[in-house]
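Working notes, structure below.
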Amino acid sequence: MPFLFFGSRAVRHRLAAGEFRCPRCRARRPYALVRAQNHGHLYWVPLVKLGEPQDYVECGACRTKFEPGVLQHAAVDEAAPRGALVRAALAAMLAVARAPVPSEREREALASALARIDGPWGGDALERALARASPDVWLAAGQLAELQPTLSPSARETIMEAVLHVATADGPMSPLQADAVQQLAGALQVSSAHLKGIMLELAERRGRVRDVIGGVDGTD
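So this is what it looks like as structure tokens:
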């Protein structure tokens, strides 16, 4: 009686490769963007796809697997000095907070946004940075304008999303906050249409369309 060898296994394809800031290594490492698709096989020959494909990023050093969104940490071009970028991004986010001293929700939003730009931030590091940073919107806009030529489009989008994340942490934006957002977007040469798209995407993810959109386009 012949035996049939059948079952399922994942077939992997490399979609892209490059360098990113690995959250586990806390340093820039090579990565591979991989798509894994389960297939039913007969005698180890893939015959039919099973389920949806899964994409992940694998660090070439520690072999840890991450969601593809981790690559947003690497959206900053190497030409931009990282320290200057972090200072400018922090100043921009403080400029849209509701008060000179950020609330607890705003602090959480700041830490989350900075992690996307520069990797994980501990509480002590954030407090030290806040003590040195200025919330002046003109200063923040000037810093971003200087860095803008060295930033990729995805980096500029990441910074504006971080700004919006902080601006709406405590609810809908005030007119002053909305004006600051527009000024910072101008410094990064992010168009009004592009800014609206970033806001819509953020609002859909958070389920708070009125909070994110209302202050900027005049929606009640």
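Numbering (the working numbering), first residue to last: 135 to 354.
Just so you know, even glycine gets a beta-carbon here, dropped at the ideal spot from N, CA and C.
(message) To test your reading of the DSSP string, which unbroken beta strand (DSSP E) runs of 3 or more residues are found completely within the segment 241-317?
(response) Entirely contained in the segment 241-317, not one beta strand (DSSP E) run reaches 3 residues.
(message) Rounding to the nearest angstrom, what Cα-Cα distance links residue 214 and residue 196 in this structure?
(response) For residue 214, the pLDDT reaches just 48, beneath the cut-off of 50, and the residue's location in the model is therefore unreliable, leaving the point undetermined.
(message) Please tell me whether residue 191 and residue 168 are closer than 9 Å, where the distance is taken between their beta carbons.
(response) If you check the CB distance, residue 191 and residue 168 come in under 9 Å.
(request) State the beta-bridge partners of residue 167 as determined by DSSP. (result) Looking at the DSSP output, residue 167 bridges to 150 and 191.
(request) Could you check the C-alpha separation between residue 149 and residue 298 for me, to the nearest Å? (result) Answer to the nearest angstrom: the Cα atoms are 31 Å apart.
(message) One question on the structure: do residue 223 and residue 332 come within less than 9 Å of each other, judged by their Cβ atoms?
(response) At the C-beta level, residue 223 and residue 332 stay beyond 9 Å of one another.
(request) Mark residue 269 as exposed unless 16 or more other C-beta atoms lie within 10 angstroms of its C-beta, in which case mark it buried. (result) With 16 or more other Cβ atoms within 10 Å, it is buried.
(request) Alpha carbon to alpha carbon, how far is residue 172 from residue 218? Give it in angstroms, no decimals. (result) Their Cα atoms are separated by approximately 44 Å.
(message) What would DSSP say about residue 335, mapped onto helix, strand or coil?
(response) Residue state, collapsed to three classes: helix.
(message) For residue 328 and residue 313, what's the separation of their Cα atoms in angstroms?
(response) So the alpha carbons of these two residues sit roughly 16 Å apart.
(message) Would you call the segment 243-263 in contact with the segment 275-284, where contact means no fewer than 3 C-beta pairs closer than 8 Å?
(response) Contact between the segment 243-263 and the segment 275-284 is absent: fewer than 3 CB-CB pairs across the two stretches fall below 8 Å.
(message) Given this structure, state the Cα-to-Cα distance separating residue 278 from residue 198, to the nearest angstrom.
(response) Annotation: residue 278 to residue 198 spans about 33 Å, alpha carbon to alpha carbon.
(message) So, for residue 153: in the same chain, excluding its five sequence neighbours on each side, which residues have a beta-carbon less than 8 Å away from its beta-carbon?
(response) Excluding residues within five positions, the ones whose Cβ falls inside 8 Å are 162, 163, 164, 165 and 208.
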